[in-house]
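Chemist: Each residue of the sequence shown is one higher than the last, beginning at 0 in numbering that gives the first Met the number 0.
Got a structure for you, written out below as structure tokens; questions coming shortly.
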Amino acid sequence: MMAWWKRFGRRAATLLLTVLMLLGTAAGEGADKTVINRINAPDVSADFAFAEDADLLEIIFPQILDCDAAFLRCGGETMLIDCATSGQAQRILNMFKQLGITHVDKIVNTHPHADHIGGFAELIKEITVDELWLCFPAEETVHCANAIKAAERAGVAVRTFGDGDTLTLGTATMQVWMLDKPEYTRLNDRSAQIMLTFGQRKILFSADLEQKGQNGLIEKVGAEMLKADVLKYPHHGLQALTPEYRAAVSPELAIVTCNQRETDGKKYIRRTALDTVWTVPGFVHLMTDGEMWVCDRIVSDVKY
0 MMAWWKRFGR
10 RAATLLLTVL
20 MLLGTAAGEG
30 ADKTVINRIN
40 APDVSADFAF
50 AEDADLLEII
60 FPQILDCDAA
70 FLRCGGETML
80 IDCATSGQAQ
90 RILNMFKQLG
100 ITHVDKIVNT
110 HPHADHIGGF
120 AELIKEITVD
130 ELWLCFPAEE
140 TVHCANAIKA
150 AERAGVAVRT
160 FGDGDTLTLG
170 TATMQVWMLD
180 KPEYTRLNDR
190 SAQIMLTFGQ
200 RKILFSADLE
210 QKGQNGLIEK
220 VGAEMLKADV
230 LKYPHHGLQA
240 LTPEYRAAVS
250 PELAIVTCNQ
260 RETDGKKYIR
270 RTALDTVWTV
280 PGFVHLMTDG
290 EMWVCDRIVS
300 DVKY
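Structure representation (structure tokens):
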């Protein structure tokens with residue numbers, strides 16, 4: 000009898016603790032809602048509108064899958080965080096063409112994997128870009144070296160940033176964190192984490208942070224620093240979030256840069272009822288005045 004209890008009682012205790020933690024997280028995510036999600040709940044707050052003279056931050060995700068790109072506009076300035084693969088760069092360009100975007104002030108790369116920087120050379124053939132911002136040296140990957148060469152040929156200035164830096168976009172600020180201890184051998188876990196703050200609202204761009212890095216980031220900056228209304232879900236939704244990371248961020252909404260195919264991350268999202276939108280089909284469109292977020296979808300002229 001004692002052996003039975005030891006074997007099954009511990010499992011039951013672990014399950015109970017997990018359920019209690021998820022209930023607590025869900026309760027935190029449900030309090031004082033600041034995100035109006037018109038994709039998943041089109042009738043909720045349907046009459047809400049920003050003031051005509053409001054200063055706004057706008058974020059648009061192209062219909063990409065298994066790679067990252069997000070276009071940001073604030074205070075007359077523009078930025079692209081990551082630029083997909085060379086094969087999916089045309090998806091970004093199609094979005095730019097539809098929205099009338101011909102110039103981007105800064106392209107910021109979170110880490111030089113092909114699915115985050117491979118599209119740079121293709122983009123600058125069609126649009127003008129002032130600056131390419133990198134947080135890894137050219138020798139980190141061939142994709143980084145190729146992007147630098149393409150920038151030099153096109154006259155795009157190459158800038159650097161790193162852990163502890165603060166970037167700006169209009170009146171929005173972007174705090175950068177990077178894990179640099181030797182135990183973080185995977186480039187994904189060393190990718191730049193960008194916490195964007197605009198007024199009272201926050202969105203965390205988590206690049207490809209994996210589970211080891213998620214808990215490492217908590218150790219580095221503290222759980223209280225990671226609270227965000229919106230989470231750009233790590234690594235295209237391939238993995239579950241760690242319980243500690245989910246509780247720290249407590250997002251009201253997650254954006255997954257992929258379609259809704261079945262992954263461990265998709266199973267986790269369904270199991271824990273995380274309000275989520277995917278970047279395929281159409282363009283995921285976020286706007287905030289610093290007090291409220293509105294998320295909707297722009298129908299793309301091009302179907303994939």
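For glycine and all other residues, C-beta sits at the position ideal for the given N, C-alpha and C.
Is there a Cβ from chain D that is less than 9 Å from the Cβ of Asp-179?
Modeler: Protein chains in the displayed structure number just one, and chain D is not present.
Chemist: Measure the CB-CB distance between Ala-253 and Thr-287 and report whether it falls below 9 Å.
Modeler: Position 254 of the sequence shown, counted from the first residue, corresponds to residue 253. Position 288 of the sequence shown, counted from the first residue, corresponds to residue 287. Not a contact, by the Cβ cut-off of 9 Å.
Chemist: Using the rule of at least 16 other Cβ atoms within 10 Å of the residue's Cβ for burial, across every protein chain shown, is Val-141 buried or exposed?
Modeler: Reading the sequence shown from its first residue, position 142 is the one you call residue 141. Exposed, because fewer than 16 other Cβ atoms sit within 10 Å of the Cβ of Val-141.
Chemist: Please report the distance separating the alpha-carbon of Gly-161 from that of Ile-147.
Modeler: Position 162 of the sequence shown, counted from the first residue, corresponds to residue 161. Position 148 of the sequence shown, counted from the first residue, corresponds to residue 147. C-alpha separation (whole angstroms): 17 Å.
Chemist: DSSP on Phe-282, reduced to helix/strand/coil?
Modeler: The residue labelled residue 282 in the question sits at position 283 within the sequence shown. The answer is strand: DSSP assigns Phe-282 an E or B state.
Chemist: Excluding the 5 residues preceding and the 5 following Ala-222 in the sequence, name in chain order all residues of the same chain whose CB lies nearer than 8 Å to its CB.
Modeler: For this step, residue 222 is matched to residue 223 along the sequence shown. So the list reads Glu-243, Ala-246, Ala-247, once near-sequence residues are dropped.
Chemist: What's the C-alpha gap between Ile-59 and Leu-166?
Modeler: Taking the sequence shown and counting its residues from 1, one reaches residue 59 at position 60. Taking the sequence shown and counting its residues from 1, one reaches residue 166 at position 167. Those two C-alpha atoms are separated by around 19 Å.
Chemist: Among residues of its own chain, excluding the 5 on either side of Gly-289, which ones have a beta-carbon nearer than 7 Å to its beta-carbon?
Modeler: By one-based count along the sequence shown, residue 289 stands at place 290. Once the five neighbours on either side are set aside, the close Cβ partners of Gly-289 are Phe-197, Gly-198, Gln-199, Arg-200.
Chemist: Flag this pair as touching only if the region 174-184 and the region 69-82 have three or more C-beta atom pairs under 8 Å; answer yes or no.
Modeler: No contact exists between the region 174-184 and the region 69-82.
Chemist: Taking just the CA atoms, how far does Asp-46 sit from Arg-189?
Modeler: Numbered from its first residue, the sequence shown carries residue 189 at position 190. Numbered from its first residue, the sequence shown carries residue 46 at position 47. Going from the Cα of Arg-189 to the Cα of Asp-46 covers about 42 Å.
Chemist: For the beta strand (DSSP E) containing Val-34, name the first residue and the last one.
Modeler: Residue 34 sits at position 35 when you count from the first residue of the sequence shown. Here the beta strand (DSSP E) through Val-34 covers 34-36.
Chemist: For Thr-255 versus Ile-193, is the C-beta distance shorter than 9 Å?
Modeler: As a working mapping, residue 255 is identified with position 256 in the sequence shown. As a working mapping, residue 193 is identified with position 194 in the sequence shown. Reading off the sequence, residue 255 comes out as Val, not Thr. It is not a contact, given that the beta carbons lie outside the stated cut-off.
Chemist: How should Lys-302 be labelled, buried or exposed, when 16 other C-beta atoms within 10 angstroms of its C-beta is the threshold for buried?
Modeler: The count along the sequence shown starts at 1 and reaches residue 302 at position 303. With fewer than 16 Cβ atoms within 10 Å of its Cβ, Lys-302 is classed as exposed.
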